[in-house]
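**Q** One structure follows; several queries about it will come next.
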Amino acid sequence: MRSTGIRRTVAALGVSALALTACGGNTDDSASGKTRITVNCMPPKSAKVDRGFFEEDVAAFEKQNPDIDVVAHDAFPCQDPKTFDAKLAGGQMEDVFYTYFTDARHVVDINQAADLTPYVKELKSYGTIQQQLRDIYTVDGKIYGVPRTGYSMGLIYSRALFDKAGLDPDRPPTTWAEVRTAARKIARLGGGTVGYADYSAQNQGGWHFTAELYSQGGDVVSPDGKKATVDTPEGRAVLQTLHDMRWTDDSMGSKQLLVINDAQQLMGSGRLGMYLAAPDNIPILVKEKGAAYEDIAIAPMPGGRATLVGGDGYMVSKKASPAQIRAGLKWLDHMFLTPGDGFLGDYARAKRHDAPVGLPEPRLFTGAADAEDQQVKKANANVPVGNYQPFLDGNASLDMKIEPPHAQQIYSVLDGVVSAVLTKEDADIDRLLKDASGKIDGILARG
-6 MRSTGIRRTV AALGVSALAL TACGGNTDDS ASGKTRITVN CMPPKSAKVD RGFFEEDVAA
54 FEKQNPDIDV VAHDAFPCQD PKTFDAKLAG GQMEDVFYTY FTDARHVVDI NQAADLTPYV
114 KELKSYGTIQ QQLRDIYTVD GKIYGVPRTG YSMGLIYSRA LFDKAGLDPD RPPTTWAEVR
174 TAARKIARLG GGTVGYADYS AQNQGGWHFT AELYSQGGDV VSPDGKKATV DTPEGRAVLQ
234 TLHDMRWTDD SMGSKQLLVI NDAQQLMGSG RLGMYLAAPD NIPILVKEKG AAYEDIAIAP
294 MPGGRATLVG GDGYMVSKKA SPAQIRAGLK WLDHMFLTPG DGFLGDYARA KRHDAPVGLP
354 EPRLFTGAAD AEDQQVKKAN ANVPVGNYQP FLDGNASLDM KIEPPHAQQI YSVLDGVVSA
414 VLTKEDADID RLLKDASGKI DGILARG
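Written out as structure tokens, the structure reads:
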């Protein structure tokens, strides 16, 4: 699941629009002397700065590669899980298309991805990308995609409310017991203040349950992917903590069935102490919800065991010609995989347009490429990077665990478990976990 979509939310930037055409096609247009590729995940017109950056970068790419014609399709979110498979099956997917990390094996299994193994040697940046990210798009020894970004979950918190509640903003909670204690103190400030908020609807409750289970040292499915492993002491610990914070401590507020926007609204308005999220939530809180960068900090996932990581990348349609594959990889190199440059890495351009630079995103590159990227990023930082140091320090000792297979289906099941615990004081945790385990087993058995 994406954390927020990794988008910038800043002032307008005027750039002339590129021509758009309908989705799909997979025609390389070789008769015109150009290789034509369709690509997706272009920011929508409402995201004016991101849209401008994207169009600017595509135009620069086409100038450098006059034999390639890039046709971009806008979308937010970049992928809708409800229509993703239908677009693939119907031949409507772009030649170069956006995927979550959790999509990689599925797209390969249904035979909709081009094998990029013979071509990645032409992708100059490929060898500089973190190996664990490359491995996500490697199936049975063959390469089917290229990672673009990653995220890891942590604990976002309000320094102002910590200070007001007598807590040290420079020493955030590191265990769930400490989270519970801090949440109680913050909730006692009154005035509708909530100590800790959690999601429990739209599959987001299941997503957070998974992250919290990882943090306790548990897992959602067995290593072979065949059995549920939620009906465990670790699973009960997650739900018991949520139950006690909600009903014993009264530190989670009375309104439940929350989703990400609800938590962001609470945090932005200064009425929430803590919630789980990735660093890309921070600019949303500031630009859209009214918070200040100086007040928002992030700590590592409580528990000290593991954190949920996710991210995205691009795959290429099975129908793409060799020329389209080569053109697509060139485009990815230009847009996303050049240290300190491109759509996500041109930190100087981002700073000029008041986009946040210096957020603690997981590093994409290694070696000299990483050093170059970090140097440019540090030189253009415009956010209080000290607020994020606990997150960076703590992450170094955590296991990084990707989302489970069939994530959205499993999250739907776990949504009901979390929502029951947060809305019913007498919820039977053992029964909820047993029932959820059976349903997840069914999902895994169906493949």
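The opening residue of the sequence shown carries number -6 in this note's numbering; numbering runs sequentially from there.
Note that the Cβ used here is the ideal one computed from N, Cα and C, for glycine as well.
Small disclaimer: the values here were computed from a predicted structure and weren't measured.
Could you check if Thr331 is buried or exposed, using at least 16 other CB atoms within 10 Å of its CB as the buried criterion?
**A** Here residue 331 refers to the residue found at position 338 of the sequence shown. Counting Cβ neighbours within 10 Å, Thr331 comes out buried, since at least 16 surround it.
**Q** In angstroms, rounded to a whole number, what distance separates the CA positions of Tyr112 and Asp161?
**A** Counted from its first residue, the sequence shown places residue 112 at position 119. Counted from its first residue, the sequence shown places residue 161 at position 168. Those two C-alpha atoms are separated by around 52 Å.
**Q** Would the beta-carbon of Thr241 be found less than 7 Å away from any heavy atom of the ligand FMN?
**A** As for the ligand FMN, it is missing from this structure, which has no ligand bound.
**Q** In the DSSP assignment, what are the bridge partners of Leu109?
**A** Translated into positions along the sequence shown, residue 109 becomes position 116. Beta-bridge pairing links Leu109 to no other residue.
**Q** Between Glu171 and the rest of its own chain, which residues show a CB-CB distance below 8 Å, the 5 nearest in sequence each way excluded?
**A** As a position in the sequence shown, residue 171 is number 178, starting the count at 1. The answer, listed in chain order, is Pro295.
**Q** Would Leu322 and Thr142 be called neighbours here (beta carbons separated by less than 8 Å)?
**A** Your numbering for residue 322 matches position 329 in the sequence shown. Your numbering for residue 142 matches position 149 in the sequence shown. No, they are not a contact pair.
**Q** Which word fits Ile103, buried or exposed, when buried means at least 16 other C-beta atoms lie within 10 angstroms of its C-beta?
**A** Against the sequence shown, residue 103 aligns to sequence position 110. Exposed: under 16 other Cβ atoms inside 10 Å.
**Q** Ordered along the chain, which non-local residues of its own chain (more than five positions away) have a Cβ less than 7 Å from that of Asp156?
**A** Your numbering for residue 156 matches position 163 in the sequence shown. The answer, listed in chain order, is Pro162.
**Q** Between Met267 and Tyr189, which are expected to be in contact by the criterion C-beta below 8 Å, what is the C-beta distance as a whole number of angstroms?
**A** In the sequence shown, residue 267 corresponds to position 274, counting from 1. In the sequence shown, residue 189 corresponds to position 196, counting from 1. That belief holds up - the Cβ atoms of Met267 and Tyr189 are roughly 5 Å apart, short of 8 Å.
**Q** May I ask you to report which of helix, strand or coil DSSP gives Gly306?
**A** Position 313 of the sequence shown, counting from 1, holds the residue named residue 306. In the structure shown, Gly306 sits in a strand (DSSP, three-state: E or B).
**Q** Which same chain residues end up closer than 7 Å to Leu385 when comparing Cβ atoms and leaving out the 5 residues on each side of it in sequence?
**A** Taking the sequence shown and counting its residues from 1, one reaches residue 385 at position 392. Answer for Leu385: Pro353, listed in chain order.
**Q** Please report the straight-line C-alpha distance between Asn375 and Gly440, rounded to a whole angstrom.
**A** Start at 1 with the first residue of the sequence shown, and residue 375 comes out as number 382. Start at 1 with the first residue of the sequence shown, and residue 440 comes out as number 447. Distance between the alpha carbons of Asn375 and Gly440: 46 Å.
**Q** Whole-angstrom Cβ separation of Leu407 and Gly199, contact assumed at under 8 Å?
**A** Start at 1 with the first residue of the sequence shown, and residue 407 comes out as number 414. Start at 1 with the first residue of the sequence shown, and residue 199 comes out as number 206. Their Cβ separation, rounded to whole angstroms, is 3 Å, which keeps Leu407 and Gly199 in contact under 8 Å.
**Q** Cβ atoms of Phe94 and Val445: under 8 Å apart, would you say?
**A** No statement about residue 445 is possible, as the shown extent of the chain runs from -6 to 440 and does not include it.
**Q** Go through its chain and collect everything with a Cβ distance to Pro36's Cβ below 7 Å, but skip five positions before and after it.
**A** Counted from its first residue, the sequence shown places residue 36 at position 43. Result list for Pro36: Arg0, Asp43, Arg44, Phe47, Asp67 and Phe69, in chain order.
**Q** Taking its Cβ as the centre, do 16 or more other Cβ atoms sit within 10 Å of Pro383, making it buried, or is it exposed?
**A** If you number the sequence shown from 1, residue 383 lands on position 390. So Pro383 ends up on the buried side.
**Q** Could you tell me whether the segment 263 to 278 touches the segment 50 to 58, where touching means 3 or more Cβ pairs closer than 8 Å?
**A** Result no; under three Cβ-Cβ pairs closer than 8 Å.
**Q** Measuring CB to CB, does Val213 end up less than 8 Å from Ile403?
**A** If you number the sequence shown from 1, residue 213 lands on position 220. If you number the sequence shown from 1, residue 403 lands on position 410. Their beta carbons are under 8 Å apart, which means Val213 touches Ile403 by this criterion.
**Q** Cutting at 6 Å between CB atoms, please list the residues of its own chain near His448, excluding the five before and the five after it.
**A** For residue 448 there is no data in the structure shown, the boundaries of the chain being -6 and 440.
**Q** With a CB to CB cut of under 6 Å and the five nearest residues on each side skipped, what residues in its chain are close to Val390?
**A** Numbered from 1 along the sequence shown, position 397 holds the residue referred to as residue 390. Val is not the amino acid found at residue 390; the sequence shown has Ser there. Excluding sequence neighbours, Ser390 sits near nothing in its chain.
**Q** Going by DSSP, name the residue or residues bridged to Thr92.
**A** The residue labelled residue 92 in the question sits at position 99 within the sequence shown. Answer is Gly306.
**Q** Short check: CB of Met146 to CB of Ala270, under 8 Å?
**A** Walking along the sequence shown from the start, residue 146 turns up at place 153. Walking along the sequence shown from the start, residue 270 turns up at place 277. Cβ distance < 8 Å, so Met146 and Ala270 count as in contact.
**Q** State buried or exposed for Glu418, treating a residue as buried only when at least 16 other CB atoms are found within 10 Å of its CB.
**A** Taking the first residue of the sequence shown as 1, we reach residue 418 at position 425. Exposed.
**Q** Excluding the 5 residues preceding and the 5 following Gly159 in the sequence, name in chain order all residues of the same chain whose CB lies nearer than 8 Å to its CB.
**A** Position 166 of the sequence shown, counting from 1, holds the residue named residue 159. Within the same chain, Gly159 has close Cβ partners Lys178.
**Q** Specify, as a first and last residue, the run of the alpha helix (DSSP H) that Asn274 falls within.
**A** Looking up residue 274 in the sequence shown gives position 281. Asn274 -> alpha helix (DSSP H) spans Asn274 to Lys280.
**Q** For Lys135, which of Met308, Ser314, Ala285 and Thr168 has the nearest alpha-carbon?
**A** Position 142 of the sequence shown holds residue 135. Of the listed residues, the one whose Cα sits closest to Lys135 is Met308.
**Q** Run through the DSSP bridge pairs and tell me what Arg239 is partnered with.
**A** Residue mapping note: residue 239 aligns to position 246 of the sequence shown, counting from 1. Answer by DSSP bridge pairing: none, since Arg239 is not bridged.
**Q** Pair every Cβ in the segment 248 to 262 with every Cβ in the segment 227 to 235, then say whether three or more of these pairs are closer than 8 Å.
**A** With the cut-off at 8 Å, the segment 248 to 262 and the segment 227 to 235 do not touch.
**Q** Less than 8 Å between the C-beta atoms of Ala180 and Ile129, yes or no?
**A** Locating residue 180 in the sequence shown gives position 187, counting from the first residue. Locating residue 129 in the sequence shown gives position 136, counting from the first residue. No, they are not a contact pair.
**Q** With a threshold of 16 other CB atoms inside 10 Å of the CB of Trp29, please say whether the residue is buried or exposed.
**A** Residue 29 sits at position 36 when you count from the first residue of the sequence shown. The question names Trp, but residue 29 is Arg in the sequence shown. Buried is the call here.
**Q** Restricting to Cα atoms, I'd like to know which of Arg264, Leu235, Val132 and Met245 is closest to Ala153.
**A** Sequence index remark: in the sequence shown, residue 153 carries index 160 (1-based). Of the candidates Arg264, Leu235, Val132 and Met245, the one whose C-alpha sits nearest the C-alpha of Ala153 is Arg264.
**Q** Should Ser208 go down as buried or exposed, given a rule of 16 or more other Cβ atoms within 10 Å for buried?
**A** Position 215 of the sequence shown holds residue 208. So Ser208 ends up on the buried side.
**Q** When we look at the beta-carbon of Ala53 and count the other beta-carbons within 10 Å, is it buried (16 or more) or exposed?
**A** Taking the sequence shown and counting its residues from 1, the one referred to as residue 53 is at position 60. Exposed is the call here.
**Q** Kindly indicate which three-state DSSP category Ala103 falls into: helix, strand or coil?
**A** Working through the sequence shown from its first residue, we reach residue 103 at position 110. Checking the sequence, you will find Ile at residue 103 rather than Ala. Ile103: coil per DSSP, three-state reduction.
**Q** Relative to the C-alpha of Ala348, which candidate in Thr31, Ser25 and Lys41 has its C-alpha closest?
**A** Here residue 348 refers to the residue found at position 355 when the sequence shown is read from its first residue. Out of Thr31, Ser25 and Lys41, Lys41 has the C-alpha closest to the C-alpha of Ala348.
**Q** Looking at Asp238: is its Cβ nearer than 8 Å to the Cβ of Ala176?
**A** Here the question's residue 238 lines up with position 245 in the sequence shown. Here the question's residue 176 lines up with position 183 in the sequence shown. Contrary to the premise, residue 238 reads as Met rather than Asp in this sequence. Yes; because the gap between Cβ atoms is below 8 Å, this pair is in contact.
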